[in-house]
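Take a look at the structure set out below.
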Amino acid sequence: MSVESVADFRARAREFIRDNLKPINPDSQFGTLRNDRTEQEELAFVARDREVQRMLFDAKLAGVCFPKEYGGLGLTPAHQAALNEELFGFEYPQRIQAPTIAPCASVLLDFGTEEQKQRHIPAILRGEEIWMQLLSEPSSGSDVASALTSAVREGDDWILNGSKIWTTGAWWSDWGLCLARTNWDVPKHRGLTVFMFPLKQEGVAVHRIEMLNGSKEFCQEFLTDVRVPDTDRVGEVDGGWTVGTRWMYHERMLFSSPLVTTPKGNLNGAAGSGALVAVARELGRDADPIAHELVGRARTLELTKQHLSSRIAESMASGRLNDQAAAIGRLFNGYTGQRIFTLEFDLAGAHGAAWGDNDGASRVAGEDFLMRQAASIGGGTLEMARNVISERVLGMPREKSIDKDVPFRDVPRGATSQR
Amino acid sequence: MPVATIRGLRDEPAGYPDDYWTQAAGLGWTALLVSDEHGGGSLSGAPLTDLSLIAYEIGLRAAPGPFVPVNVVAETLSAEGSGSQLELLDQLIHGTATAAWAYQEPAPHDALGSIETTIRIEGDSLVIDGVKRPVENAAHATYLLVTGRAGSGLAQVLVPAGAEGMTIEELTSADLTRRFASVRFDGVRVPLDAAVGDLGTADERVTRQLQVALAMHAAETVGAIHRAFELTLGWTADRYSFGRPIGSYQEIKHRMADQVTWREAAHAITDAAIVALDAGAPDATELIHAASAFLGEYGGELLQDCVQIHGGIGVTFEHDLHLFLRRVTVNRATYGTPSEHYRKLGSLATSAGSAA
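As given, the protein sequences belong to chains A and B, one line each in that order.
First residue of the first sequence: 2, per the working numbering; consecutive thereafter.
First residue of the second sequence: 623, per the working numbering; consecutive thereafter.
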């Protein structure tokens, strides 16, 4: 059977997209960082994302690089790239890409049983299941392997207790992929196991966290005696760190993953120079050389970020850099986000400090600045990225760890995480 | 050329030994932007990309030579030159002559693109008045390509070394081997056929020359960054403090992580700009100014951070690091400053039809 050429695939994708999807401003899909929509509006976006995912699936444009036996197309990253290029300027099912496709579905592909993959991957590709990653905990952010959520075996089931945090949109999601501790008497990396379970069930309380700008898309879950059948375990018992390592790799790949559908050139919630141009125009500073310098600085970082991302992907593919080099992209994205939001705020001046209901682009500059560090924290802090780059890309000496060879039970914990 | 040799060239008048440049020309350093019919050519069809590989290697070694002005002038002569100008082109290709491009002017006319020098017709002569600074290789060039204003547009003329009314004052350069001068033109007269292209219509050509110069400086800076980074990473392993290599301290590790990130970013934006220039892509102008701005600002900071991590030895003449710091520093300030490149980009973005 012949494989559809990239050119044919592109032509088919273009026709479908132009006939069926709504054109949108590519910068408007701002993710979770801005407080710019009501609960009803957010739910409507979620419903539309599911609908668009289904339309793409029915048009044979979803799951491009997923194997055919799980509802995918079994095509190549080049096909996915063509689809991504054609999607620029159009709506796309953003909420189903991250974290549902990467990392969750990607982890299932790597470690799921045949039955698990058959049950969930086609459903994900049809837009029927939106997944969350239950990874961070209130007491462990960067140090995810120190998870305190426990899973205790009871017959054919496991009973989970604990709390997970920083799940984007868990209040409208369906399934969770969860890292839990199954053995407290071995060192921390050797006592973890991964499970999956539906979020809408008794025992899972989802609390929406209000961010400093009023956004409530980040959630915390409280798990109380959540019963999970052993058939919903992903990977080996106490083998959770093997899964977790790949999990975090897929998390770092996120929108760069070949499994993910995302319009090429979209900001996906990141800071961009477009916001500065809009502010300059709104404030009548579009001919001011000082404004030009601020806009130009943002534009330089934005362009550099785009081309760095391509270079890192090519370097990992060719083997010039190992796959830990994804952390270089992560560090630069975080850094540019900080700089661009500061430039945006400087450009807005006092309009970013106090604004009226009728203000447009300049009214978000202040809140963008207040939330500036969020993108340098979520998805792995820049400090962790710097550790990964220095130790695993450059081969510099590893940090000494005191929790490696002792039972997890005996590892010192801070006052906030005693149990 | 070994780095140790380069340190010894600081008192060499041209910045390199006699036979060095003819050997460089023999290796093809001067022919890649020249058309096939004029004895040049690039096999790949991407001449700037090819030339940038040489520029990168020059940067890796802080190598001397009038690489940028010779290539800029050679390309222009190949595209627009006629008659005896093509003889000069042949000499440039073979390294038996070198050229300078007299483009930038001294303050307060030193803004990027500001040209006050005039070129006017008087009888059967062209008369040049103005001051150019800094002009790389001016005191050692066989000919200077002078960019000036002729009416409402730009014009370019070739002026031979030693022309009457031309005064060359050599400057001390921040680079060890790269030579610059200030050149004054007091009613310098050259024949009409010294004009390269038509008078008053050279604006596009001058923009191209600027972009080529920026692209080669960018590639060279990327090379210098790679070498400085390599020296510094090696130093963090070799240098011990308090009983352990300084590279085992998280502060130093994080700084090296930042450095390699900036290095990769610098390389990425530079390659993108050069590929876009070779392809004549619509975003080439934006990309080359972005690359120049990024390299100027972040390349400069990166080199200074390398010095800081080296400690005292990093600011000695004996250590190699300053050779690369010098190259990056000079490239940062010639053909536009980071601030000027930023303003150019901002101006392009705010005047575009839609938000960039």
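We treat Cβ as the ideally placed atom computed from N, Cα and C, and that holds for glycine.
Owing to the predicted nature of the structure, the values given are computational and were not obtained by experimental measurement.
Local conformation of residue i per DSSP, three classes
i                : result
His941 (chain B) : coil
Glu786 (chain B) : coil
Gly752 (chain B) : strand
Ala851 (chain B) : First, the residue type needs correcting, since residue 851 (chain B) is Phe and not Ala in the sequence shown. Phe851 (chain B) falls in the helix class under three-state DSSP.
Trp857 (chain B) : helix
Pro100 (chain A) : helix
Leu149 (chain A) : coil
Met838 (chain B) : helix
Glu115 (chain A) : helix
Met878 (chain B) : helix
Ser863 (chain B) : strand
Ser164 (chain A) : strand
Glu92 (chain A)  : coil
Ala824 (chain B) : coil
Trp356 (chain A) : coil
Leu180 (chain A) : strand
Asp633 (chain B) : helix
Pro199 (chain A) : strand
Glu702 (chain B) : helix
Ala351 (chain A) : helix
Ala271 (chain A) : coil
Ser402 (chain A) : coil
Leu193 (chain A) : strand
Asp157 (chain A) : coil
Thr794 (chain B) : coil
Val781 (chain B) : strand
Ser143 (chain A) : coil
Chain B contact residues for residue i, given Cβ-Cβ distances below 7 Å
i               : result
Gly72 (chain A) : The premise fails here: Gly72 (chain A) is roughly 36 Å from chain B at the closest Cβ pair, so nothing lies under 7 Å.
Boundaries of the beta strand (DSSP E) in which residue i is found, first to last residue
i                : result
Tyr250 (chain A) : Counting along the chain, Tyr250 (chain A) falls outside any beta strand (DSSP E), though it belongs to the alpha helix (DSSP H) covering Gly241 to Met254.
Phe219 (chain A) : Phe219 to Pro230
Trp132 (chain A) : Trp132 to Leu135
Ala206 (chain A) : Val205 to Arg209
Amino acids of chain A, ordered along the chain, whose beta-carbon sits closer than 7 Å to that of residue i
i                : result
Ile891 (chain B) : Leu304, Thr305 and His308
Gln872 (chain B) : Glu400
Ala733 (chain B) : By Cβ distance, chain A contributes nothing, its closest Cβ being about 10 Å from Ala733 (chain B), past 7 Å.
Ser961 (chain B) : Glu294
Ala887 (chain B) : Thr305, Leu309 and Phe333
Interface partners of residue i on chain A, CB under 8 Å
i                : result
Val882 (chain B) : Ile329, Ile390, Val394 and Leu395
Glu908 (chain B) : Arg300 and Leu304
Ala841 (chain B) : Those do not exist, as Ala841 (chain B) stays about 14 Å from chain A at its closest Cβ, beyond 8 Å.
Tyr638 (chain B) : Result: empty, since nearest Cβ-Cβ is about 33 Å, beyond 8 Å.
Where residue i meets chain B, residues with beta-carbon distance less than 9 Å
i                : result
Ser311 (chain A) : Ala890 and Ala894
Phe256 (chain A) : By Cβ distance, chain B contributes nothing, its closest Cβ being about 17 Å from Phe256 (chain A), past 9 Å.
Contacts that residue i makes with chain B (C-beta to C-beta distance below 8 Å)
i                : result
Leu88 (chain A)  : Neighbours of Leu88 (chain A) on chain B: none; closest Cβ ~18 Å, over 8 Å.
Phe91 (chain A)  : Here the premise fails: no neighbours, minimum Cβ distance about 16 Å.
Val209 (chain A) : The residue you asked about is not Val; residue 209 (chain A) is Arg in the sequence shown. Correct list: empty, because the minimum Cβ distance to chain B is about 32 Å.
Arg13 (chain A)  : The contacting residues do not exist; Arg13 (chain A) stays about 27 Å from chain B at best.
Arg38 (chain A)  : Near Arg38 (chain A) there are no residues of chain B at all, since even the closest Cβ is about 21 Å away, more than 8 Å.
Partners in chain E for residue i, counting only beta-carbon separations shorter than 8 Å
i                : result
Leu332 (chain A) : Given the protein chain composition of this structure (A and B), no chain E is represented.
Residue i: first and last residue of the uninterrupted alpha helix (DSSP H) it sits in
i                : result
Pro413 (chain A) : From DSSP, Pro413 (chain A) is part of no alpha helix (DSSP H); its letter is neither H nor E.
Gly275 (chain A) : Ser274 to Glu283
Asp672 (chain B) : Pro669 to Arg683
Asp808 (chain B) : From DSSP, Asp808 (chain B) is part of no alpha helix (DSSP H) but of the beta strand (DSSP E) over Phe802 to Pro813.
Lys966 (chain B) : Pro960 to Ser973
Chain-ordered chain A contacts of residue i [CB-CB under 9 Å]
i                : result
Lys875 (chain B) : Arg387, Asn388, Ile390, Ser391, Glu392, Leu395, Met397, Pro398 and Glu400
Tyr957 (chain B) : Neighbours of Tyr957 (chain B) on chain A: none; closest Cβ ~16 Å, over 9 Å.
Please specify which runs of the alpha helix (DSSP H), each continuous and at least 4 residues long, are wholly inside the region 892-922 of chain B, giving them in chain order. 906-916
Could you run through the region 337-370 of chain A and flag, in chain order, every residue whose CB is less than 7 Å away from some CB of chain B? none
Starting from the N-terminal side, write out each stretch of the alpha helix (DSSP H) that is 4 residues or longer and does not extend beyond the region 711-776 of chain B. none
Segments of 4+ residues assigned as alpha helix (DSSP H) that fall wholly inside the region 15-89 of chain A: 40-59 and 78-87
What are the residues in the region 279-301 of chain A lying within 8 Å of chain B by C-beta distance? Ala279, Ala281, Arg282, Asp287, Ala288, Pro290, Ala292, His293, Glu294, Leu295, Val296, Gly297, Arg298, Arg300 and Thr301
Report the residues of the region 911-926 of chain B with a CB closer than 7 Å to any CB of chain A, ordered along the chain. Ala912, Ala915 and Phe916
Name, going along the chain, the residues of the region 846-868 of chain B whose beta-carbon falls closer than 9 Å to a beta-carbon of chain A. Leu855, Thr858, Ala859, Arg866 and Pro867
The region 35-61 of chain A: which residues have C-beta closer than 7 Å to a C-beta of chain B, in chain order? none
Of the residues that make up the region 930-944 of chain B, which ones have a beta carbon closer than 9 Å to any beta carbon in chain A? none
The region 655-681 of chain B: which residues have C-beta closer than 7 Å to a C-beta of chain A, in chain order? none
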